[in-house]
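Here's the structure, in structure tokens; my notes come after.
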Amino acid sequence: MAKRISLREYQEGVVARLKSAAATAQVNTRLGIRIGQDNWLVDLSDVAEVMPVPPVSPLPLSQPWFKGVANLRGNLVSVSDLSAFFGGPALTPSPLARLMLLHPKHILHSAVLVERMLGLKHLSDLSVDDATHPRASTVYRDVAGQRWLTLDVAALASDPGFLQAGQ
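If you want it as structure tokens, here you go:
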């Protein structure tokens, strides 16, 4: 004979399983982006919003990688080109380029230009690579052999070079 279970116990079990699945999915999922020639992974909790690139007003006497400011719903947001900041070529404007607004827990009103979005990536589908990269906290490889670098947004937001956009 089947075990009898109350409706309340069943519902509590379902809620517990859903919470566990959501927490696991969030921990193991990263946002894939392309910066220059590299594929990067960003923790979803480090990103406030991703949007098409709005008009950016350049500022004089700023670093070449600092593109200027953009008006996002009445808020001025600083816009930086991560490819140029990392020492690569400056991002060329394209319809695939996106503005990634960094979460305010790291830095207020700051966004970075990325070449394109690559979708969500699950860490369980990637293997840790022994290679190192000066800007990446961890390096991964996918089944196709492509390299994925992990962007540490907290480290970027506290980097004195990133914070000093003026010349």
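According to the numbering used here, the sequence shown is numbered sequentially starting from 23. For glycine and all other residues, C-beta sits at the position ideal for the given N, C-alpha and C.
| query | result |
| --- | --- |
| Extent of the continuous alpha helix (DSSP H) to which residue 90 belongs | Not the alpha helix (DSSP H): residue 90 falls in the beta strand (DSSP E), residues 88 to 94. |
| Per-residue DSSP class, three states only, for residue 64 | strand |
| Contact check, residue 57 vs residue 140, beta carbons under 8 Å | no |
| Simplified DSSP assignment, three categories, for residue 109 | coil |
| Simplified DSSP state of residue 147, which is helix, strand or coil | helix |
| DSSP state of residue 123 mapped onto helix, strand, coil | strand |
| Identified DSSP bridge partners for residue 175 | None; residue 175 has no bridge partner. |
| N-terminal and C-terminal residue of the alpha helix (DSSP H) that residue 183 is part of | 182 to 185 |
| 6 Å CB neighbourhood of residue 138 in its chain, flanking five on each side removed | 56, 118 |
| The segment 67 to 87 / the segment 28 to 36 touching (three or more Cβ pairs under 8 Å) | no |
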